[in-house]
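Enquirer: Following this message is one structure expressed as structure tokens.
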Amino acid sequence: MSKPQKLTVVISQAPGKNPHKRQLEEDLATQLMLAGTAEVSLIPQVYDLPEDHHAWLWLKSIPGDMVVLGWQYPRALRWTLDRNGVRGREGLTLLRSEEDDESAELTETQATGIGSVNVPPRRIFVLDLKLHTQPQPYLEEIERIAREATVPLVSLGGFSLGPSTPNTVSLGNNSSPAPTLRPATSPLDFRLTAGSDAPPVAVEARRRWYPVIDYSRCTNCMECLDFCLFGVYGVDGMDRILVEEQDQCKKGCPACSRVCPANAIIFPEHKTPAIAGAPTEDAGDFKIDLSKLFGAPSALEIAAQERDVELVADGRTAVGMTVGIPKRQADKPSGQRDDLDDLMDGLDALDL
Amino acid sequence: MPADDLVFPMGKYEARMPVDRQYTRSHFWLSPLATGYRVGFTAYAVRLLQDVYFLDWTIDAQTAVKEKEQIGEIESSKAVSAMYAPAEGLIREFNPALYNDPSLINADNYGSGWLYELETESPLLSAQEYYAHLEATWETTQRLLKSQYNE
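Sequence order for the protein chains is A and B. Counting in this note's numbering, the first sequence runs from 102 upward without gaps. Counting in this note's numbering, the second sequence runs from 592 upward without gaps.
In structure tokens, the structure reads:
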């Protein structure tokens, strides 16, 4: 029997030059490389990668279980991968932030949405690099995942990273020429590109802004399609909602996310955790937000305002609350209630 | 405390509201001046905030505002919030005493801890109407707060 393939670990690097983030990324890569438990690769932030970036080809070619570490919320990263055809079952991680309640037991997400399509049986574990400042918790979790990972022995597309020595692969970073790994100029750094037909070019990944749909939540209600007046949304051949023209999205505008009744639309770079894809239970990590009590406009009012700003900037006419505002479904049968439902009902009942 | 103040019980805490002024449902009091009003947080709001650490206005004095327009931010030991105009009108000036020491909001919320002066024609609530609003929303407010607390 041939030797099982190693677990693939992908580090989606933070844009910009934050030295603390870069340090953690490089420490992780170095220590994983030295430990030899996984094949580790550093790539520019997945969300910013253009569709034709060669990193996508490589990501799609990874056959077995993989671990992806990134600075955006795991939901955001997972569904960005999904959108680009890098799919797999959700690998459950035991990684928790220091402050997290130990009793917060790991539970399978109750999927109420339409789900993804063509999901292969392998697992993708997405780890949040915001949780810890030191590499150790991540290394322990990756060790754990590597131990339990069962990796298929066939390599799809004949792609192989070669000898059994651990490699570090860099696919071009948007901010620094190459991560300074020790040894800094390892000949293995560009091994991937040397062995494939993708050019070893460090593509400048510009910062992007577009919605990412979490299909485990999306119910295909099409309210985003009705609300967005910039043609971002469309439907695919199976009449499933999709982000069709992502570059028509208006930078900074998260309005459709506020309109989505399932909270399924993620803008990974938005400053509000709920919009950026934070798990709902994370809301408790922050100070309580009294904005609603102190007269904040409703999500729909904000969404309409944000849309008006973009309409006017395009030389079009503001439409306020007159177009594409959903009539919220008094008659709709309710699904299983959760904390978020209670919270939203609480806000509605305040009648501000 | 004046005998005719209304007192709303927030658990064990008694949130006082003087009847010599008017209120909004977003938990501000408005006390009439020669023209316009002086505006501040009600005891109910201060109790939810607890110790105010930081207050920042994002608009200048003499700015016309719409209701619910964001005008600043506040942070306290327990909470964060944006600040919103409670009614359409003109914000004439901000309380200069708060620039250096927002804790006046805690020390004297109905007096020297006032926030700004506002000229508005919008309808306001009486102390009794504000009390009724607190009563009607207290259950849901508690639920809203508990769902956010991590204690």
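All C-beta atoms, glycine included, are put in the ideal place defined by N, C-alpha and C. Predicted model only: the values in this text are computed from it and were never measured.
(1) Taking the alpha-carbon positions, what's the E152/A to A718/B distance?
(2) State the Cα-Cα distance for the pair A812/B and A247/A, rounded to the nearest angstrom.
(3) Across which residues does DSSP place L108/A in a beta bridge pair?
(4) Could you list the residues in the segment 392-405 of chain A with a C-beta less than 8 Å from some C-beta on chain B, going in chain order?
(5) Is P677/B close to chain A? Criterion is C-beta to C-beta, closer than 8 Å.
(6) Which residues in the same chain as Y722/B place their Cβ atom closer than 7 Å to its Cβ, once the five residues preceding and following it in sequence are excluded?
(7) Measuring CB to CB, does G602/B end up less than 8 Å from E710/B?
(8) At the level of alpha carbons, what is the spacing between V313/A and I650/B?
(9) Any Cβ of chain A within less than 8 Å of the Cβ of K659/B?
(10) Per DSSP, which residues does F632/B bridge with? Please list them.
(11) Rounding to the nearest angstrom, what Cα-Cα distance links G216/A and I367/A in this structure?
(12) Please state the DSSP three-state secondary structure of P238/A.
(13) Could you give the distance in angstroms between the alpha-carbon of G214/A and the alpha-carbon of I342/A?
(14) Below 7 Å CB to CB, which residues in the same chain sit around A652/B once its five sequence neighbours on both sides are set aside?
(15) Using 8 Å as the threshold, is the C-beta distance between L108/A and T234/A below it?
(16) If you run the structure through DSSP and keep just helix, strand and coil, what is L326/A?
(17) What does a CB cutoff of less than 6 Å around V181/A pick up in its chain, not counting 5 residues either side in sequence?
(18) For T732/B and chain A, any beta-carbon pair shorter than 8 Å?
(19) Please list, in chain order, all residues of the same chain as E402/A whose beta carbon is under 8 Å from its beta carbon, the five residues on each side excluded.
(20) When the Cα atoms are used, what is the spatial distance from A344/A to V110/A?
(21) Do you know how far the Cα of H724/B is from the Cα of D611/B?
(22) So, with DSSP's three-state summary, where would you put R341/A?
(23) Whole-angstrom Cβ separation of S694/B and V630/B, contact assumed at under 8 Å?
(24) Can you tell me whether DSSP reads A212/A as helix, strand or coil?
(25) What in chain A is Cβ-close to S617/B, meaning under 8 Å?
(26) Going by Cα to Cα distance, which pick from R309/A, A404/A, G396/A, R307/A is closest to L330/A?
(27) Please report the straight-line C-alpha distance between T615/B and K122/A, rounded to a whole angstrom.
Expert: So, from the data block:
(1) 60 Å
(2) Outside the displayed span of chain B (592 to 742) sits residue 812/B, for which this structure offers no information.
(3) A139/A
(4) Those residues of the segment 392-405 of chain A that come within reach of chain B (Cβ to Cβ, closer than 8 Å) are S392, K393, L394, F395, G396, A397, P398, E402.
(5) yes
(6) Its chain contains L597, F599, M608 as the residues whose beta carbon lies nearer than 7 Å to that of Y722/B, once the 5 sequence neighbours on both sides are disregarded; these appear in chain order.
(7) no
(8) 33 Å
(9) Yes, its Cβ sits closer than 8 Å to a Cβ of chain A.
(10) Answer by DSSP bridge pairing, in chain order: F619/B.
(11) 15 Å
(12) helix
(13) 12 Å
(14) For A652/B, where only same-chain residues beyond five positions count, the Cβ hits under 7 Å are I682, R683, E684, F685.
(15) Their beta carbons are not under 8 Å apart, which means L108/A does not touch T234/A by this criterion.
(16) helix
(17) The sequence given here has Thr at residue 181/A, not Val. These residues qualify, in order along the chain: V147, Y148, V313.
(18) Chain A, which has a Cβ nearer than 8 Å to the Cβ of T732/B, makes this yes.
(19) M422
(20) In the sequence as displayed, the identity of residue 344/A is Val instead of Ala. So the alpha carbons of these two residues sit roughly 27 Å apart.
(21) 18 Å
(22) DSSP, reduced to helix, strand and coil, places R341/A outside both helices and strands of the structure shown, so it counts as coil.
(23) Not really, about 18 Å apart at Cβ, beyond 8 Å.
(24) In the three-state reduction of the DSSP assignment, A212/A falls in the coil class.
(25) L394, F395, G396, L453
(26) A404/A
(27) Pairing T615/B with K122/A, the inter-Cα distance amounts to about 45 Å.
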